[in-house]
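J.:
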Amino acid sequence: MESRYAKLKEDWLLKGWTDVPWTIVNWKSGDYHRLNQDGFYVAQSCDGRTDFGSLAFLPKHITILNRFIDQGIAEECKAGESVQSVQEYRLAKNTLIKGIHWAVTGRCNLKCRHCYMDAPSGQLGELTDGELEIVLNYLVEANITSVSLTGGEPFMNKNLLGLIGRLSEKKIRLVDIYTNGTLISDTILQELRAMHVQPIFRISFDGCGAHDQMRGTPGIEAKVLRAISKIRSAGFGVSVTTSIDKTNIHSLMTTYEKMKELDIYAWGVGRPQPVGCGRGITTGLPLEEMALSCINLLQRWFEDGRPFMIGWRLSIQIAKTVLLARHPRRPRT
Ligand SMILES: C[S@@+](CC[C@H](N)C(=O)[O-])C[C@H]1O[C@@H](n2cnc3c(N)ncnc32)[C@H](O)[C@@H]1O
Ligand code: SF4
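In structure tokens:
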């Protein structure tokens with residue numbers, strides 16, 4: 023049979039874990055396929071050196087190879103071409119962990135009343151560049167393929183862009199950055215574009231006319247709204263997270279209208295949990311009150327044709343609370 027060679031396209035990596043031994047992952051898009059033994063045999067042979075024309079490959083293997091080529095996972099190549107070493111199969115000693123949240127600093131420039139990270143006192147501190155590199159090497163060892171960066175305020179870390187560059191070098195996808203938005207400059211956005219990374223910005227915004235008070239810092243509401251517009255103009259996706267309690271629930275509908283203007287792709291609303299600085303806060307919102315606000319808002323959202331995705335933390339309890347109120351238990355006879 024005629025010789026035939028193929029190699030994995032450069033964004034595809036072969037990875038395995040103790041519970042899921044054979045997968046192929048696209049580190050840029052997050053696409054991920056579990057492989058069976060035949061699929062893995064073919065994928066591992068897409069190395070530019072193995073001859074698919076040899077007797078070692080049966081028709082069923084050639085069918086799989088053709089499918090990989092059709093799906094853009096592999097491509098035909100000349101004999102002797104090679105894949106990068108990072109694409110070659112690596113089996114981690116742990117079970118599958120697709121992604122992690124990495125708090126790259128415990129420090130922050132704001133003083134949110136509810137911060138579960140205790141960031142206003144900075145008591146969790148910050149890792150040095152060397153320590154961050156050690157953590158990065160652990161991620162590589164554990165075959166982590168995607169990371170969300172958070173903090174504290176991640177942009178307080180002066181070497182954040184350097185760290186993002188290192189993630190790309192290791193072919194770990196930066197999915198999103200959780201940020202208060204106040205430290206994001208045009209230069210940062212330009213540098214991210216130049217690095218060809220496309221994270222979603224998950225920005226905290228606690229409500230029109232309410233944000234400064236929730237975040238303990240006067241004058242930042244306008245700054246965050248400007249940052250969201252700037253990030254959208256630079257072509258990055260924005261998802262907004264709003265923490266609500268008794269002090270800002272009144273602003274929910276106005277904030278919803280603002281979100282429509284800002285062209286975000288998702289909005290999440292939730293009650294702060296009693297953790298860190300959030301412990302001992304006395305302005306927590308009763309579930310019933312939150313449920314009613316959600317119902318009113320969802321009504322408007324449906325009427326508007328669902329302009330963005332919407333998520334309510336505790337939505338199951340909310341639905342249950344509302345439904346229980348509407349359908350009280352019938353007395354047993
Ligand atoms: C800890 S912050 C880190 C990222 C960034 N500094 C920010 O505020 O967006 C991540 C998210 O957790 C939310 N958060 C903080 N304390 C919380 C709490 N006690 N319960 C629920 N969410 C909380 C913040 O409002 C923010 O949306
Ligand atoms: S919630 Fe975010 S912005 Fe607020 S203090 Fe905590 S880390 Fe900083």
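Each residue of the sequence shown is one higher than the one before, starting from 23 at the first, in our numbering. For each residue, glycine too, the CB sits at the ideal point set by N, CA and C.
(1) With a threshold of 16 other CB atoms inside 10 Å of the CB of Val47, please say whether the residue is buried or exposed.
(2) How is the beta strand (DSSP E) around Ile222 delimited, first residue to last?
(3) Would Met312 pass as a contact of Ser265 if the rule is Cβ separation under 8 angstroms?
(4) I'd like to know whether the C-beta of Asn116 is nearer than 8 angstroms to at least one C-beta of chain D.
(5) Please list, in chain order, all residues of the same chain as Gly359 whose beta carbon is under 8 angstroms from its beta carbon, the five residues on each side excluded.
(6) Taking Asp69 and Arg26 to be in contact with their CB atoms under 8 angstroms, please state how far apart those CB atoms are, rounded to whole angstroms.
(7) Since I believe Arg293 is in contact with Arg224 (beta carbons under 8 angstroms), could you give me their beta-carbon distance rounded to a whole number of angstroms?
(8) Classify Ala78 as helix, strand or coil using the three-state DSSP reduction.
(9) Exposed or buried, His218, counting other C-beta atoms within 10 Å across all chains shown (16 or more means buried)?
(10) Quick check for students: name the residue ranges of the alpha helix (DSSP H) that lie wholly in the stretch 222-267, counting only runs of 4 or more.
(11) Can you tell which of Gly52, Ile119, Ile84 has the C-alpha that lies nearest to the C-alpha of Phe62?
(12) Please state whether the Cβ-Cβ distance between Phe227 and Ile206 is less than 8 angstroms.
(13) Which first and last residues belong to the alpha helix (DSSP H) in which Ser101 is found?
(14) Are Ala114 and Trp34 closer than 8 angstroms when you measure CB to CB?
(15) Beta-carbon within less than 7 angstroms of Glu110's beta-carbon, same chain only, minus the 5 sequence neighbours each way: which residues are those?
(16) What residue from Ser143, His136, Val126, Ala141 has the CA that sits closest to Glu153's CA?
(17) Which runs of the alpha helix (DSSP H), 4 residues or longer, sit entirely within the stretch 78-153?
(18) Quick one: using the 10 Å Cβ neighbour count with 16 as the cut-off for buried, is Asp244 buried or exposed?
(19) In the structure shown, what three-state DSSP assignment does Met281 receive?
(20) According to DSSP, is Val297 helix, strand or coil?
(21) Rounded C-beta distance between Asp267 and Gly306? I'm assuming under 8 angstroms.
(22) Assign Met281 to one of two classes, buried (16 or more other C-beta atoms within 10 Å of its C-beta) or exposed (fewer than that).
(23) Between Val162, Asp151, Glu155, which lies nearest to Lys180 when the distance is taken from Cα to Cα?
(24) Return yes when the Cβ of Leu146 is within less than 8 angstroms of the Cβ of Arg128, no when it is not.
(25) Compare the Cα-Cα distances from Asp326 to each of Val291, Glu283, Arg352, Thr201 and report the closest residue.
(26) Could you please give me the residues that DSSP links to Val291 through a beta bridge?
T.: Inspection of the coordinates gives the following:
(1) buried
(2) 222-226
(3) no
(4) Among the chains of the structure shown, chain D does not appear; only one protein chain is present.
(5) For the chain, the structure presents residues 23 to 355; residue 359 sits outside this window and is missing.
(6) So it is not a contact: roughly 13 angstroms between Cβ atoms.
(7) Arg224 to Arg293, Cβ: 18 angstroms. No contact.
(8) coil
(9) exposed
(10) 233-237, 242-255
(11) Ile84
(12) no
(13) Going by the sequence as given, residue 101 is Ala instead of Ser. Careful: Ala101 lies outside any alpha helix (DSSP H) and carries neither H nor E.
(14) no
(15) Leu36
(16) Val126
(17) 81-92
(18) This sequence places Ala at residue 244; Asp is not what is there. Exposed is the call here.
(19) helix
(20) coil
(21) 6 angstroms
(22) buried
(23) Asp151
(24) The amino acid occupying residue 128 in the given sequence is Gly; Arg does not appear at that position. Contact flag set, yes.
(25) Glu283
(26) Thr264, Trp334
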